[in-house]
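Asks: The structure follows.
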Amino acid sequence: MSIIENKRIEESIYFQQLDSGLNIYFVPKKGYKQKHAIFAADYGSNDNHFVPIGERDPIKVPAGVAHFLEHKLFEDRDMDIFDRFSRLGASVNAYTNFNQTAYLFSTTENFYESLELLVKFVQNPYFTDSNVEKEKGIIEQEIRMYEDSPNWRVYFNCLNGMYLDHPVKIDIAGTVKSIREIDKDILYRCYNTFYSPSNMVLFITGDLSFERIVDVVKKAERKDLPKAVEEIARVYPDEPTKIQKQYIEDRLATSIPLFSIGIKDNKLNMQGNELVKKDLVTNLLLEILFGESSKLYNELYSKGLIDNNFTSYFTGKVDYGHSLVLGQSNEPNRVYDEILKHIKDAKKSSISKEAFQRIKNKNMGGFLIGLNSLNFISNYFVDNYFEDFLFIDLLDILDSIEIEDVENRLVENIDEENMVLSVVKPIH
Amino acid sequence: MVLSCDRIEIDKGVALNLISADKFKSNILSFYFTLPLDRKEVTGNALLPLVLKRGTRKLQTSLKIQRRLEELYGSNLSISVDKKGESQAIRFTIEGPKGSYIGDRKYIIHMIELLKSIIYDPYLENGVFSWQYVEQEKEILKRLIESKINDKREYAIYRCIEEMCKNERFGIYPLGYVEDLKGIDAETLYRHYENILYRAPLEIFYVGEYDRELRNFLIDSFKFSKENLIENPRETVTGNVQTKNMIYEDMDVSQGKLAIGYRTGIPYEDDLYNGLMVASDILGGGPNSKLFRNVREVESLAYYIGTTIYRYKSIMLIDCGIDFDDFEKVIEIIRCQIDAMKNGIFTNEDMDTSKKSIRASMESIHDSAFLIAEYFFSKILTNDNRSLKESIEDIEKVTKEQIMEASNNMNVDTIYFLRHLG
Numbered sequence: 153m154s155i156i157e158n159k160r161i162e163e164s165i166y167f168q169q170l171d172s173g174l175n176i177y178f179v180p181k182k183g184y185k186q187k188h189a190i191f192a193a194d195y196g197s198n199d200n201h202f203v204p205i206g207e208r209d210p211i212k213v214p215a216g217v218a219h220f221l222e223h224k225l226f227e228d229r230d231m232d233i234f235d236r237f238s239r240l241g242a243s244v245n246a247y248t249n250f251n252q253t254a255y256l257f258s259t260t261e262n263f264y265e266s267l268e269l270l271v272k273f274v275q276n277p278y279f280t281d282s283n284v285e286k287e288k289g290i291i292e293q294e295i296r297m298y299e300d301s302p303n304w305r306v307y308f309n310c311l312n313g314m315y316l317d318h319p320v321k322i323d324i325a326g327t328v329k330s331i332r333e334i335d336k337d338i339l340y341r342c343y344n345t346f347y348s349p350s351n352m353v354l355f356i357t358g359d360l361s362f363e364r365i366v367d368v369v370k371k372a373e374r375k376d377l378p379k380a381v382e383e384i385a386r387v388y389p390d391e392p393t394k395i396q397k398q399y400i401e402d403r404l405a406t407s408i409p410l411f412s413i414g415i416k417d418n419k420l421n422m423q424g425n426e427l428v429k430k431d432l433v434t435n436l437l438l439e440i441l442f443g444e445s446s447k448l449y450n451e452l453y454s455k456g457l458i459d460n461n462f463t464s465y466f467t468g469k470v471d472y473g474h475s476l477v478l479g480q481s482n483e484p485n486r487v488y489d490e491i492l493k494h495i496k497d498a499k500k501s502s503i504s505k506e507a508f509q510r511i512k513n514k515n516m517g518g519f520l521i522g523l524n525s526l527n528f529i530s531n532y533f534v535d536n537y538f539e540d541f542l543f544i545d546l547l548d549i550l551d552s553i554e555i556e557d558v559e560n561r562l563v564e565n566i567d568e569e570n571m572v573l574s575v576v577k578p579i580h
Numbered sequence: 024m025v026l027s028c029d030r031i032e033i034d035k036g037v038a039l040n041l042i043s044a045d046k047f048k049s050n051i052l053s054f055y056f057t058l059p060l061d062r063k064e065v066t067g068n069a070l071l072p073l074v075l076k077r078g079t080r081k082l083q084t085s086l087k088i089q090r091r092l093e094e095l096y097g098s099n100l101s102i103s104v105d106k107k108g109e110s111q112a113i114r115f116t117i118e119g120p121k122g123s124y125i126g127d128r129k130y131i132i133h134m135i136e137l138l139k140s141i142i143y144d145p146y147l148e149n150g151v152f153s154w155q156y157v158e159q160e161k162e163i164l165k166r167l168i169e170s171k172i173n174d175k176r177e178y179a180i181y182r183c184i185e186e187m188c189k190n191e192r193f194g195i196y197p198l199g200y201v202e203d204l205k206g207i208d209a210e211t212l213y214r215h216y217e218n219i220l221y222r223a224p225l226e227i228f229y230v231g232e233y234d235r236e237l238r239n240f241l242i243d244s245f246k247f248s249k250e251n252l253i254e255n256p257r258e259t260v261t262g263n264v265q266t267k268n269m270i271y272e273d274m275d276v277s278q279g280k281l282a283i284g285y286r287t288g289i290p291y292e293d294d295l296y297n298g299l300m301v302a303s304d305i306l307g308g309g310p311n312s313k314l315f316r317n318v319r320e321v322e323s324l325a326y327y328i329g330t331t332i333y334r335y336k337s338i339m340l341i342d343c344g345i346d347f348d349d350f351e352k353v354i355e356i357i358r359c360q361i362d363a364m365k366n367g368i369f370t371n372e373d374m375d376t377s378k379k380s381i382r383a384s385m386e387s388i389h390d391s392a393f394l395i396a397e398y399f400f401s402k403i404l405t406n407d408n409r410s411l412k413e414s415i416e417d418i419e420k421v422t423k424e425q426i427m428e429a430s431n432n433m434n435v436d437t438i439y440f441l442r443h444l445g
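Line by line, the protein sequences give chains F and B. Count along the first sequence from 1, add 152, and you get the number used in the working numbering. Count along the second sequence from 1, add 23, and you get the number used in the working numbering.
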């Protein structure tokens with residue numbers, strides 16, 4: 153067992169690797185009533201082209217398999233998983249994103265029993281033809297729910313504008329058509345490939361004992377799974393740096409046009425501290441350029457071109473990355489033009505030291521406030537873990553950022569050539 | 024940790040509630056003004072915090088306010104206009120990291136003063152609000168009101184309640200009405216603001232670390248004598264069906280949204296209300312509930328389905344997203360499941376599970392400073408003197424008979440269905 157401490161934020165992380173290859177991390181939170189556990193696989197909707205374990209040739213799977221698998225792991229031969237958690241007083245959930253699939257629960261009582269159940273149900277799949285078939289109706293309704301969301305549509309259209317071949321442009325849940333192709337054989341092949349202990353992590357936070365956590369997991373985990381398989385062969389297309397399409401327009405039942413401006417990243421293949429630093433630098437830059445305290449925001453707001461929904465953020469992993477500037481406006485094209493002009497002006501002048509320091513302060517405060525929430529800690533941990541970064545050191549990386557880093561990022565990445573405008577207009 | 028609140032009446036109509044909490048990394052300060060939900064005033068009430076956020080006498084633009092917040096280590100300012108039964112609560116909140124983490128223990132004073140100036144010392148022109156700010160925020164509010172159609176699930180719930188309570192104040196939309204905006208200008212809004220400052224009951228909450236010095240500072244800072252206080256009357260609660268509606272609305276959507284409103288007539292003051300909470304949870308509280316199991320897991324008809332109780336009005340709502348063609352099938356399953364509840368067809372285990380789930384959500388209040396403030400505020404609104412522990416014990420005591428009795432009080436009032444054109 154090892155303990156990593158950060159005195160400045162008064163948090164620590166306990167760590168132990170089990171013989172199975174499974175890594176367990178724990179952040180104690182004294183005085184908290186809730187306890188959270190999250191069991192996540194380094195496997196998301198992007199991993200749709202890979203060599204299944206024990207096979208030689210790569211296969212391409214239908215869109216939505218990782219998400220479908222997430223639904224189906226809740227199936228068990230002789231017990232209802234939802235039921236079991238509920239009886240323990242725990243609330244269980246799961247999510248799939250581009251890069252991870254995560255199973256989680258929160259509870260105020262019976263934590264260790266719930267933890268045992270979490271490990272067991274995720275490690276013991278039970279897929280049958282009929283239970284796979286049954287799920288299609290449920291997921292179809294989930295897909296239709298997203299189809300009616302203007303925010304989701306404007307976002308995915310923007311991804312489609314930025315990317316030519318990368319799977320990040322494919323809807324996480326797939327389509328009503330693609331999920332019909334999914335059967336239990338595909339699910340088992342994906343499961344066996346991606347749910348090995350060494351491709352997963354277990355993260356726990358709350359007022360708990362780490363020793364007991366480790367004991368429970370040791371007893372609950374499967375002992376017959378192949379240990380430390382070799383690196384999973386995932387195939388990612390060679391995504392060009394250029395974008396697919398500059399402008400995409402769509403229509404949906406919405407009160408006002410929504411827009412999403414995507415800026416495709418051109419500096420990839422980073423990991424760990426380097427990737428987190430890039431993430432922080434880009435987010436600082438976006439905040440300086442487009443945040444509520446920026447000149448642009450206040451001009452557009454005064455002109456009635458944007459409202460409080462206007463926001464921006466960067467997200468990226470090893471193999472893809474993009475900044476998004478989002479909002480709603482009666483004149484999205486005019487907003488876009490003003491943004492382009494603002495970027496050109498910003499490149500000509502230098503970033504003010506005062507603004508840089510202010511936004512750094514803001515990020516620091518935001519992170520500290522975030523640490524109040526067990527949800528924030530769990531999600532933040534998992535999101536960064538597979539990129540080789542432990543969230544606890546975030547403020548130290550933030551400190552290391554210089555104004556030049558932000559200026560360089562502006563010059564290198566923020567350019568009309570990498571930019572896409574996606575608009576969803578009202579039907580009438 | 025036992026939650027306790029030190030409540031000090033610092034002036035007529037102004038109470039300061041201090042809640043000491045040391046496990047959080049931040050401190051939070053919230054102001055709640057409570058007003059009756061009234062069609063004539065709801066739009067002005069919703070507009071007011073938007074205009075106040077635009078500038079103070081010293082920091083005359085939102086840009087300056089925002090920069091000040093950033094200097095104060097990213098202190099977070101938020102406002103909301105919520106419906107609390109047939110009252111409307113205007114909330115202003117500021118939250119910032121504790122001084123010990125940023126090596127600046129005094130900055131909390133600046134944080135408190137900033138929120139105070141936003142509420143009490145607005146930017147004025149010729150003795151009233153800025154004409155320009157008011158016009159701009161009217162446009163913003165108009166968009167906010169119109170954008171309620173964007174989230175179809177929320178929209179269906181709101182429309183169901185609007186139809187169900189069309190003759191009651193509870194049916195009023197808390198952000199107001201577009202057609203009422205034209206009657207508001209900088210002058211009338213300023214008079215309205217003064218009326219709220221001097222007459223609306225105010226509850227202030229501070230959750231975090233404090234010493235005697237800070238306590239006194241808060242008391243001195245927020246002294247403000249009110250007169251002729253506005254009263255917020257208790258909602259009328261009835262179990263009788265008021266409208267008996269079947270509403271279809273057409274929109275270009277790919278999934279139908281069903282919302283069904285029930286009258287229960289069980290006021291929160293009544294012990295049976297605890298039975299209603301458990302009944303609602305067994306029926307549609309989570310993935311273990313009867314509706315989730317039967318509509319989703321058995322029949323694969325929905326991705327989400329659940330129940331909500333509206334405490335102040337004793338209304339229960341069921342909502343789900345389904346195929347247009349499955350409407351009748353789903354209605355029938357819901358009817359059968361409610362019948363089962365009425366006839367006591369649920370197990371001791373169902374009861375136990377639901378009680379645990381309610382207890383867990385009540386106990387989780389301890390883990391969020393914001394929820395702690397909201398919890399104590401709702402206790403004040405409902406004159407509930409029980410401790411959190413006592414409220415949980417009341418849930419534990421609920422019997423099968425009470426759950427059946429509460430279920431027998433669920434009367435369908437309005438069925439609302441959002442579906443595709445034609």
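We put the CB at the ideal spot given by N, CA and C, even for glycine. The structure displayed is predicted, hence computed values, not measured ones.
Report buried or exposed for H474(F), applying the criterion of at least 16 other Cβ atoms within 10 angstroms of its Cβ.
Replies: Buried: at least 16 other Cβ atoms inside 10 Å.
Asks: Taking three-plus beta-carbon pairs below 8 Å as touching, is the stretch 345-365 of chain B in contact with the stretch 289-297 of chain B?
Replies: Because the criterion of three Cβ pairs below 8 Å is not met, the stretch 345-365 of chain B and the stretch 289-297 of chain B do not touch.
Asks: Look up G97(B) in the DSSP assignment and say whether it is helix, strand or coil.
Replies: Coil, per DSSP.
Asks: Does M231(F) come within less than 8 Å of chain B when only Cβ atoms are used?
Replies: Output row for M231(F): interface = no.
Asks: Does the beta carbon of Y271(B) sit closer than 8 Å to a beta carbon anywhere in chain F?
Replies: Closer than 8 Å: no.
Asks: Identify which residue in T467(F), N249(F), G518(F) has its Cα closest to the Cα of D417(F).
Replies: Of the listed residues, the one whose Cα sits closest to D417(F) is T467(F).
Asks: Please list, in chain order, the chain B residues whose beta carbon lies closer than 7 Å to that of D235(F).
Replies: Residues of chain B passing the Cβ test: N311.
Asks: Which residues in chain B have a C-beta closer than 7 Å to the C-beta of E294(F)? List them in chain order.
Replies: Ordered by position in chain B, the residues that pass the 7 Å Cβ test against E294(F) are Y326.
Asks: With the cut-off set at 8 Å, would you say V558(F) and V433(F) are in Cβ contact?
Replies: For V558(F) and V433(F), yes; Cβs fall inside 8 Å.
Asks: By the 7 Å beta-carbon criterion, what residues does the stretch 386-413 of chain F contribute toward chain B?
Replies: If the cut-off is 7 Å between Cβ atoms, the stretch 386-413 of chain F has A405, T406, S407, I408 near chain B.
Asks: Taking beta-carbon pairs under 7 Å, can you tell me which members of the stretch 263-292 of chain B lie near chain F?
Replies: The stretch 263-292 of chain B vs chain F, Cβ under 7 Å: M274, D275, V276, S277, Q278.
Asks: Taking the runs of the alpha helix (DSSP H) that are 4 residues or longer, which of them lie wholly in the stretch 119-206 of chain B?
Replies: As far as the stretch 119-206 of chain B is concerned, its whole alpha helix (DSSP H) runs of at least 4 residues are 122-125, 130-143, 154-169, 175-187.
Asks: Please name the residues in the stretch 278-308 of chain F whose beta-carbon is closer than 8 Å to at least one beta-carbon of chain B, in chain order.
Replies: For the stretch 278-308 of chain F, which is checked against every Cβ of chain B, the residues closer than 8 Å are K286, E287, K288, G289, I290, I291, Q293, E294, R296, M297, E299, D300, S301, P302, N303.
Asks: If we ignore side chains and look at the alpha-carbon of each, how far apart do N434(B) and R334(B) end up?
Replies: Cα to Cα, the separation comes out at about 16 Å.
Asks: Is it buried or exposed for R510(F), if we count other Cβ within 10 angstroms and need 16 for buried?
Replies: Under this definition R510(F) is a buried residue.
Asks: Quick check on the DSSP output: the beta strand (DSSP E) that includes Y14(B) runs from which residue to which?
Replies: Nothing in the structure corresponds to residue 14(B), since chain B is present only between 24 and 445.
Asks: I'd like to know whether the C-beta of Q186(F) is nearer than 8 Å to at least one C-beta of chain B.
Replies: Yes, Q186(F) lies at the interface with chain B (some Cβ there is under 8 Å from its Cβ).
Asks: For my contact list, E226(B) and F400(B) are in at a C-beta cut-off of 8 Å; report their separation, rounded to the angstrom.
Replies: Correct: roughly 6 Å between the Cβ atoms.
Asks: Please list, in chain order, all residues of the same chain as Y221(B) whose beta carbon is under 6 Å from its beta carbon, the five residues on each side excluded.
Replies: Within the same chain, Y221(B) has close Cβ partners K249.
Asks: Please state whether the Cβ-Cβ distance between M297(F) and G307(B) is less than 8 Å.
Replies: No, these two residues do not count as a Cβ contact at 8 Å.
Asks: If I measure Cβ to Cβ from E439(F) and keep anything under 6 Å in the same chain, skipping five residues before and after, which residues do I get?
Replies: Hits under 6 Å: I511.
Asks: Starting from G592(F), find everything on chain B with Cβ-Cβ shorter than 7 Å and list it in chain order.
Replies: Outside the modelled stretch of chain F, which goes from 153 to 580, sits residue 592(F), for which no answer is possible.
Asks: Identify every residue that forms a DSSP beta bridge with L21(B).
Replies: Past the edges of chain B, shown from 24 to 445, lies residue 21(B), and the structure says nothing about it.
Asks: Report the three-state DSSP secondary structure of P210(F) (helix, strand or coil).
Replies: Here P210(F) sits in coil by DSSP.
Asks: Are the CB atoms of F257(F) and F533(F) nearer to each other than 8 Å?
Replies: No, the pair does not count as a contact, with Cβ atoms beyond the cut-off.
Asks: Report the residue from S380(B), E158(B), E424(B), I102(B) whose alpha carbon sits nearest the alpha carbon of R236(F).
Replies: Answer by Cα proximity: S380(B).
Asks: Measuring alpha carbon to alpha carbon, tell me which of M352(F), V575(F), F508(F), A254(F) ends up nearest G414(F).
Replies: Nearest option by C-alpha distance: V575(F).
Asks: Which residue wins for smallest C-alpha separation from K246(B), given the options D34(B), E169(B), E424(B)?
Replies: Nearest C-alpha to K246(B): D34(B).
Asks: DSSP state of M231(F), grouped into three classes?
Replies: M231(F): coil per DSSP, three-state reduction.
Asks: Starting from G344(B), trace the beta strand (DSSP E) in both directions and tell me its first and last residue.
Replies: Per DSSP, G344(B) belongs to the beta strand (DSSP E) from 338-345.
Asks: Is DSSP giving D402(F) helix, strand or coil here?
Replies: Residue state, collapsed to three classes: strand.
Asks: Less than 8 Å between the CB atoms is what I'm expecting for M187(B) and T422(B), so what's the real figure, rounded?
Replies: Between T422(B) and M187(B) the Cβ distance is about 30 Å, and since that is not below 8 Å, they are no contact.
Asks: Looking only at DSSP bridge pairs, what is T437(B) linked to?
Replies: According to DSSP, which records beta bridges pairwise, T437(B) is partnered with N268(B), G284(B).
Asks: Report the rounded CA-to-CA distance for N485(F) versus I491(F), giving the unit in angstroms.
Replies: Cα to Cα, N485(F) sits roughly 10 Å from I491(F).
Asks: Helix, strand or coil: how does DSSP classify M422(F) here?
Replies: Reduced to three states, the DSSP call for M422(F) is coil.
Asks: Determine, for A383(B), whether the minimum Cβ-Cβ distance to residues of chain F falls below 8 Å.
Replies: Chain F contact via Cβ: present.
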